[in-house]
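For reference, the structure discussed in these notes is given below.
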Amino acid sequence: MNIKLTFEYETPNKDKVQFETNWLDDQILEYILNDFSKINRIKAITILDDMGMEWSLKEFRKLKQKVEAEARNPTIYFDGGYHKESGETGIGIVIYYEIGADQFHMRYNDKIDGIASSNEAEYVALFNAVNMLEQLDIRHTPCTIKGDGQGVLKQLAGEWPCYEQELCRWLDKIEMTLNKLHIKPTIEVISRAQNKEADKLARQALENKFIHSHTKLE
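Take the sequence shown: its letter number 82 is residue 81 in numbering that gives the first Met the number 0, and every next letter is one higher.
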């Protein structure tokens with residue numbers, strides 16, 4: 000995750016000056032703190048993460064230790080397929096993530112009734128995908144979301160406005176879940192060819208072929 004450090008510097012004359020860094024990758028935190036210890040004039044260090052949470056150094060180290068033992072760095076692929084005649088929606092979700100040095104691959108699809116359009120199907124697929132992160136207990140980590148549903152992704156990124164009330168409700172639910180998990184996603188719109196794994200899962204759901212697999216990659 001990205002962090003900022005705020006700290007107090009004590010001059011040789013005992014004057015105190017406040018400093019704040021630019022955004023930093025948390026992986027270099029210990030290197031910076033090691034340098035600070037050589038100066039011995041750095042006090043009151045506070046850490047701000049990119050979700051707006053503030054931590055003491057002790058709290059952040061404890062969090063980081065916990066996070067490193069859990070699932071992290073997920074990449075989500077999602078797709079929604081809509082059958083106009085039946086009103087059925089098939090969703091396909093693929094998630095790659097890491098635990099320590101191991102990598103995992105999850106595939107999931109399902110069929111959902113009561114969806115009004117192919118556009119809404121994409122929102123439903125993404126909503127279910129971010130809920131999968133919560134089920135995997137993935138929190139406080141970078142996340143990349145990829146799909147060919149340009150509308151929902153551009154709106155999630157804040158680049159396009161959302162005017163349709165029903166779609167706005169789904170968007171709110173997606174954002175609420177990401178905020179609850181303290182995940183700030185990187186959004187990437189990809190082609191249908193690049194999204195073929197999630198697309199196939201969505202089509203298979205409409206054919207009543209359900210796949211729920213979870214494997215460790217060798």
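Glycine included, every Cβ here is placed at the ideal spot set by N, Cα and C.
By alpha-carbon positions, which one of the options ends up nearest to residue i?
i	options	result
M52	Y30, N130, R106 and I182	I182
K15	E7, W22 and N21	E7
I27	I38, N12 and I46	I46
T5	N12, P11 and F35	F35
P141	Y107, H104, F103 and D48	D48
L205	L23, E217, Q17 and D109	D109
R106	I98, G113 and L132	L132
E19	I144, I44 and R60	I44
E84	I114, Q102, R60 and K61	I114
H213	W54, F59, Q102 and K61	Q102
So if DSSP puts residue i in a beta bridge, which residue, or which two residues, is it bridged to?
i	result
C142	P184
N1	D24
Y162	DSSP, once it has assigned bridges, lists no residue as partnering Y162.
F18	F6
T214	H104
K42	E7
Do residue i and residue j have their C-beta atoms within less than 8 Å of each other?
i	j	result
S116	Y162	no
K42	E69	no
G86	E121	no
V129	I186	no
Y96	R71	yes
K57	D25	no
V219	L125	No answer is possible for residue 219: the residues shown for the chain start at 0 and end at 217.
E119	L177	no
F77	A197	yes
H104	L200	no
T74	K145	yes
L155	L135	no
Can you give me the Cβ contacts of residue i inside the same chain, cut-off strictly under 7 Å, excluding the 5 residues immediately before and after it?
i	result
M50	H181 and K183
S190	D147
I111	T88, I90 and V123
R40	Y8 and E9
S55	T45
Going by beta carbon distance, what residues of the same chain come within less than 6 Å of residue i, once the five residues before and after it are set aside?
i	result
Q149	V188
R138	L180 and H181
I98	A70
F59	I46
Only counting the same chain, and skipping five residues up and downstream in sequence, which positions put a Cβ closer than 8 Å to that of residue i?
i	result
W22	N1, I2, K3 and D49
E67	G99
Q203	G89, G91, N108, F209 and I210
Next on the checklist: Quick check on the DSSP output: what are the complete beta strand (DSSP E) runs of length 3 or more inside the segment 48-121, in order along the chain?
Outcome noted: 53-55, 71-82, 87-98 and 101-111
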